[in-house]
Every structure is written in structure tokens, then in C-alpha cells.
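Q:
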Amino acid sequence: GQSLEQPSEVTAVEGAIVQINCTYQTSGFYGLSWYQQHDGGAPTFLSYNALDGLEETGRFSSFLSRSDSYGYLLLQELQMKDSASYFCAVRVRVQAGTALIFGKGTTLSVSS
Amino acid sequence: DGGITQSPKYLFRKEGQNVTLSCEQNLNHDAMYWYRQDPGQGLRLIYYSQIVNDFQKGDIAEGYSVSREKKESFPLTVTSAQKNPTAFYLCASRIAGENTGELFFGEGSRLTVL
């Protein structure tokens, strides 16, 4: 089976930088995704890493190390609106295709 | 605009009743997925379908059933055999065959069993 580990909660102040780590154990691994979810809403896609290294998209960056089965999401210049849950998800091979398996999520609280 | 539509947004049911949640997409995506989310938890995969007339069980398929008669539609039935059905249900789709980890989600259906 697959397992993903990420911290349950992270707190930070506006303007700060925060890193959310994700470690995984899985077979048939294709890549690591990150999603943001605000209370009561649907998850929205942030990033996907299929190869080792850092991907930057505005204030958010995502990193993957396939050899370490590890990745992280880096959020810079934090804003109050970044308060949300963040999920890492592994894209894995399944019968007749691929699927995303999600971690339990990290709740980020940003204060002023 | 293209997207995924789930209905109903809120649903109440009595114990012992089956309910069907609708999921329709006009993104021309081949792959569709159903996830369940409990409060403070991650998303757990119920069923998925890569092509029409074919679907597979995910990690928590017991007590659920699906059909995929059309590319655009992937309804989920929560049966009376599901022991704890109160949850937030999310439908998603993606472009099959491409190296992307992006899922497009509907707004979700919140089911409460009374």
C-alpha cells in the first residue's frame, strides 16, 4: 500500500516563510502533487513534481527528491489568505491507469 | 466554461436509504475519480474510471457503487451497506495519458445521515 506523512499543523506570521514536508512510501510512483483547500471548499491544484528538483510558481515552490521519497512545499511572503489546509498527493500506477493518493493534510494558520 | 458539476451540494438521508451523487464534466477528460473526506482528514479514494464502461475500486469502495456509461458522467451511489456515510464527497477528473498530477475537482457534495 501507500503511505504519506506530513505535519498536522503549522503556524506562521504574515510575511514569513514556511516549509511543509511530505515523506511517502509507495510503489509505482510517478510524481508528487500539492493541493490547497480552504474550509468547506474543494482542493485546488498548486504544483506537480515528476523529476527531482525545485519548481517555482510565484510565492510557492515545490521540491522533490525521488531517492529520499521526500518533498516539500515552500510558501514565501505569507498572507492571511494562505491560511488553509495543504495536502501532498502521490501520483501512482493503478490498475488501468494512474491515481492520486492523498496525505492527511497540514493546517496552516497565518497570523498578523 | 468547462468544469465539473456535482449535485446536490447538501444531502440528508435516513439510515437504510441509498443515495446517488451526480458528477458531470465537460472537460473531455477520460479519467474520473471519487474521493471521500472526513473532518480534519485527507481525501480517500473510493472508485476511479479511466474509460467509459470501465471502473475500479479504490481504497474504501465497500458500501459504494458507480457507473460510467458516458464519458461526461460518473455517478456515485452510497448504499445502505456503507456503515458511516456522513462525509464530504469530491468528484475529480484529469487528462488520462499525460504526465500531470493535476486533478480538477467539483465543489463537493456534503452527505449527512440522520
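Protein chains in written order, with our numbering: chain X, 561 to 672; chain U, 12 to 125.
For each residue, glycine too, the CB sits at the ideal point set by N, CA and C.
1) Could you pull out every residue in the same chain whose Cβ sits closer than 8 Å to the Cβ of Glu574/X, ignoring the five residues on either side in sequence?
2) Cutting at 6 Å between CB atoms, please list the residues of its own chain near Tyr608/X, excluding the five before and the five after it.
3) Any beta carbon of chain X sitting closer than 8 Å to that of Asp135/U?
4) Give the DSSP bridge partners of Asn609/X, in chain order.
5) Are the Cβ atoms of Phe605/X and Glu113/U separated by less than 8 Å?
6) What would DSSP say about Asp65/U, mapped onto helix, strand or coil?
7) Looking only at C-alpha atoms, which of Ser104/U, Lys25/U, Val124/U and Gly53/U sits nearest to Glu83/U?
8) Is the CB of Thr97/U under 8 Å away from at least one CB in chain X?
9) From Tyr100/U, Phe23/U and Gln61/U, pick the residue whose C-alpha is nearest to that of Pro50/U; which is it?
10) Whose CA, out of Asn39/U, Gly14/U, Phe115/U and Ser33/U, lies closest to the CA of Val89/U?
11) For Val654/X and chain U, any beta-carbon pair shorter than 8 Å?
12) On the criterion of 16 or more Cβ atoms from any shown chain inside 10 Å, does Arg653/X qualify as buried, or is it exposed?
13) Just to confirm my understanding: we take Glu129/U, look at its own chain, exclude 5 residues before and 5 after, and list those with CB closer than 8 Å. What are they?
14) Closest Cβ-Cβ distance between Phe116/U and chain X: below 8 Å?
15) Measure the C-alpha to C-alpha separation of Arg626/X and Gly74/U and round it to an integer number of angstroms.
16) Of the residues that make up the stretch 601-619 of chain X, which ones have a beta carbon closer than 9 Å to any beta carbon in chain U?
A: In short, the structure shows the following:
1) By the criterion of a C-beta distance shorter than 8 Å, Glu574/X is surrounded in its chain by Leu638, Gln639, Met640, Val670, Ser671 and Ser672, once the five residues flanking it on both sides are discounted.
2) Excluding residues within five positions, the ones whose Cβ falls inside 6 Å are Gly591 and Ser593.
3) Outside the displayed span of chain U (12 to 125) sits residue 135/U, for which this structure offers no information.
4) Leu592/X
5) yes
6) Strand at Asp65/U.
7) Ser104/U
8) no
9) Tyr100/U
10) Ser33/U
11) yes
12) Answer is exposed; the Cβ neighbour count stays below 16.
13) The question about residue 129/U has no answer, for chain U in this structure spans 12 to 125.
14) yes
15) 36 Å
16) Gly601, Ala602, Pro603, Thr604, Phe605, Ser607, Tyr608, Asn609 and Ala610
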